Amino acid sequence: MLMLEKRPQPSRLWTFATPVLAVVLTMFCGGLLFAALGQDPFETIRTIFLDPLFSEFAWFYRPQLLIKGAPLVLIAIGLSFGFRAGIWNIGAEGQYIVGAICGAAVGLAFFPMESFIILPLMVLAGALGGILWAMIPGLLRVRFGTNEILVSLMLVYVAEQLLASMALGALRNPDGMGFPGSRNLAQYPSATTWINQTIGMHWGVVTAFIAVIFAYIALSRHIFGFNVRLSGQSPRAARFAGVNPSALVLICMGISGGLAGLAGLFEVAGPAGQVSIDFNVGYGFTAIIVAFLGRLHPVGILLAGGLMALTYIGGEIAQSNLGLPVAAIQLLQGMLLFFLLAVDVLTNYRLRFGTKEIT
Amino acid sequence: MDLSSINPILLLASLMVAATPIMLAAIGELVVERAGVLNLGVEGMMITGAVCGFVVAVNTGSAWVGFLGAAVGGALLSVIFGFLTQFLLSNQVATGLALTLFGLGLSALMGQGYIGVKAPGFPDWDIPILGDIPFIGPIIFQHDPMVYVGLAIVVAVWAFLKFSRAGLILRAVGENHEAAHALGYHVVRVRMLAIMFGGACAGLGGAYLSLVRVPQWTEGMTAGAGWIALAIVVFASWRPGRLLLGAYLFGGVTVLQLNLQAAGAAIGVEYLSMAPYLATIAVLVIMRAGRAPGSLGQSFHASR
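For the protein sequence lines, the chains are W and E, in the order given. Residue numbers for the first sequence follow our numbering, beginning at 1 and rising by one. Residue numbers for the second sequence follow our numbering, beginning at 1001 and rising by one.
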């Protein structure tokens, strides 16, 4: 009979091997799923995972990798701090929306003035918007002990309604002939986050790389990172070591909210262009998968963000070329997280064959 | 705004209907949490139940068979969660989130050909004498059978947890799984059964939305109802009686904001639609939750 035996220490080999194993398993089961949907499994898997990088038209898709990957990495880096400390901010989607609304509002307020100061102010407003939205669950947890999972998630739905109200009301383009949505910020030179549109470079990509470096240093070389990891592994020990749990909650919520807000701003003033009812495409939720797939480690998150961006682009190609439904990609992403959590058991436990000893 | 256009009898009657899906999902989750498992995948199981119920009901032409299909669909999905958390000892919070993401994708895929299709009818029950009582009759005794099935499940769960031996074992497993294991109870088996019951109830709740409340299939139609159900379990301090109160409170808020929208309130539609979510947050803040089951959210591995 198959038995699990706890390892004295998590296996280093499996720590690196499990994400790869999960991806392979997802490809296999995804293939079965596509076959069940009446597609050629090999062609579909190739279209999703390889065509964006190596096909004839890859020059067109490669910039998309940066565009789709940057917000995922940015949000996931922020989430990884909280997840390590046992603080579950799963409302990043809401913080992303509010950050985008705040940042865009600042940019739109200056229209049509041209000045180098506008973009930095927008970035500041975006980060602040995200932080403020994340402070609601943070402060409520610290002050009243409410569950931050539920509050941050409820605020996603509130933020979506706020976005609809803004796109149809306060931020609507006055010259838009009554169509919903704001002015196009990507066509407003002082406010756009684009650096070079043809290679997919915008300030969000730059910020994502900076965030990865800072997160790496903070987690592996700084006392703050140590406190975060300690609080996650043993909250009691952390209290004896002098970690203030309330402050840690607020800081972790602040980091994740701020980065999500930034991601929202960079997206709305660049690739999305305008505040519209549905400019958000669920990056805040996909980033949760990215954070886990990257093992909550900054470098891992960078790679995982790239892979997830690949499935988004590949999914779009498969949708237009093979007629694969969009939902199939969503399902594939959910499946990936399942397999990841399932094979994670190998990191902490050893598989043993044989009957249980009676001691 | 014309407040007189709101009919109090209709308001209270629709309150009972609005509360039913959340109540069904919440009572399932309550049992799961009393067994010491935190399943955050309620939203995913609900939406899967909604699509399973709708597909089955449309193909068989019977809403009852649809509800059965929804319960089976929700339970099957919850088995994935149970297998991962109970046998592969994965983190319950992360696995629950994964279940929600997976369920949303799965339901969208399954429901593709069913957008815009009409669900088979599910007539109201006209309870003979009781339904004719003025005022109370239309509010309480003129609903579709699932409203009463939901209430019956809540009462049954209350009795099960309070009076039966199996209920005592379930609570013991939730309070202290080490002690329950030492007494010779099968912690993992009890928890798997609880998780499947939770999945079936969430499925029923979802199907109530797609077959009775709306009644149509649209992608993402649960719109956070599963998360509100989770909040209600906390609000109820893990007790079935208060869960009923919580569900009706939220039903009331939902129905009231819909009525205000229809009456043309001066507040924007978007801000009124925020009301159920803001009310959930307010209730979580105001109501001090009682003590949670002792082993809630912890993995159990026997060989330690």
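Glycine included, every Cβ here is placed at the ideal spot set by N, Cα and C. Here the structure is a predicted model, which means the values were calculated and not measured.
Own chain partners of residue i with C-beta closer than 7 Å, once the 5 adjacent residues on each side are dropped
i       : result
E/R1304 : Because the pLDDT of E/R1304 is 47, which lies under 50, any placement of that residue in the model is unreliable, and the number read from its coordinates should be weighed accordingly. Cβ within range, chain order: n/a, list empty.
W/L66   : G200, M201, V205
W/T47   : G314, I317, A318, N321, L322
E/V1187 : V1173, H1177, A1180, H1181, F1300
E/G1167 : F1160, L1161
W/A237  : L230
Cβ neighbours of residue i in the same chain (closer than 6 Å, five flanking residues each side left out)
i       : result
E/G1251 : L1015, A1018, A1019
W/P63   : I199, G200
E/F1235 : G1246, V1283, M1287
W/A263  : P71, L74, I75, Y96
E/T1280 : I1228, A1231
W/G91   : S152, L153, L155, V156
W/G103  : M122, A125, G126, L265
W/Q274  : G181, S182, N184
Reduced DSSP category for residue i - H, G, I as helix; E, B as strand; rest coil
i       : result
E/H1177 : helix
W/F110  : helix
W/F81   : helix
W/E363  : For chain W, the structure presents residues 1 to 359; residue 363 of chain W sits outside this window and is missing.
E/M1287 : coil
E/F1141 : coil
W/Y61   : helix
E/W1158 : helix
W/K68   : helix
W/M201  : strand
E/Y1114 : helix
E/F1067 : helix
W/Y283  : helix
W/M154  : helix
W/L4    : strand
W/F353  : strand
W/D51   : helix
E/N1091 : coil
E/E1318 : Limits of chain E in this structure are 1001 at one end and 1304 at the other, which puts residue 1318 of chain E out of reach.
W/Q9    : coil
E/R1242 : helix
W/P180  : coil
W/F42   : helix
E/W1227 : helix
W/R172  : coil
E/A1025 : helix
W/E160  : helix
E/I1129 : coil
CB contact below 8 Å: residue i versus chain W
i       : result
E/G1105 : yes
E/T1280 : yes
E/L1244 : no
E/N1007 : no
E/I1080 : yes
E/L1097 : yes
E/L1084 : yes
E/Q1112 : yes
E/R1304 : Low confidence applies to E/R1304: its pLDDT is 47, below 50, so where it sits in the model is not reliable, and the reading given next is rough at best. At least one chain W Cβ lies under 8 Å of E/R1304.
E/W1158 : no
E/S1090 : yes
E/M1221 : no
Residue-level contact to chain E via CB, residue i, 8 Å cutoff
i      : result
W/Q330 : yes
W/S165 : yes
W/L185 : no
W/L283 : The question names Leu, yet the displayed sequence has Tyr at residue 283 of chain W. No, W/Y283 lies away from the interface with chain E (no Cβ there is under 8 Å from its Cβ).
W/F81  : no
W/F360 : There is no way to answer for residue 360 of chain W, as the model of chain W reaches only from 1 to 359.
W/N147 : yes
W/D278 : no
W/K6   : yes
W/Q197 : no
Interface flag, residue i vs chain B, CB-CB below 8 Å
i       : result
E/Y1277 : Chain labels in this structure do not include chain B; the protein chains are W and E.
8 Å Cβ shell around residue i - same chain, five flanking residues per side excluded
i      : result
W/I118 : V106, G107, F110, S190, A191
W/H222 : none
W/S256 : I75, G78, L79, F81, G82, N89, A92, Q95, A134
Handout entry: Touch test, the stretch 305-324 of chain W against the stretch 70-80 of chain W, Cβ-Cβ under 8 Å, three pairs minimum
Key = yes
Exercise for the section: At 3 residues or longer, and completely inside the stretch 187-251 of chain W: list those beta strand (DSSP E) runs for me, N to C. Expected result: Counting whole runs of 3 or more residues, the stretch 187-251 of chain W contains the beta strand (DSSP E) stretches 194-196.
Handout entry: Stretch-stretch touch, CB-based, cutoff 8 Å, three pairs: the stretch 240-250 of chain W with the stretch 324-339 of chain W
Key = With a cut-off of 8 Å on Cβ pairs, the stretch 240-250 of chain W is not in contact with the stretch 324-339 of chain W, counting fewer than three such pairs.
Practice task
Examine the Cβ distances between the stretch 1134-1152 of chain E and the stretch 1077-1086 of chain E and report whether three or more of them are shorter than 8 Å.
Solution key: no
Practice task
Spell out a yes or no on whether the stretch 1026-1041 of chain E and the stretch 1093-1109 of chain E are touching, meaning 3 or more CB-CB pairs, one atom from each, closer than 8 Å.
Solution key: yes
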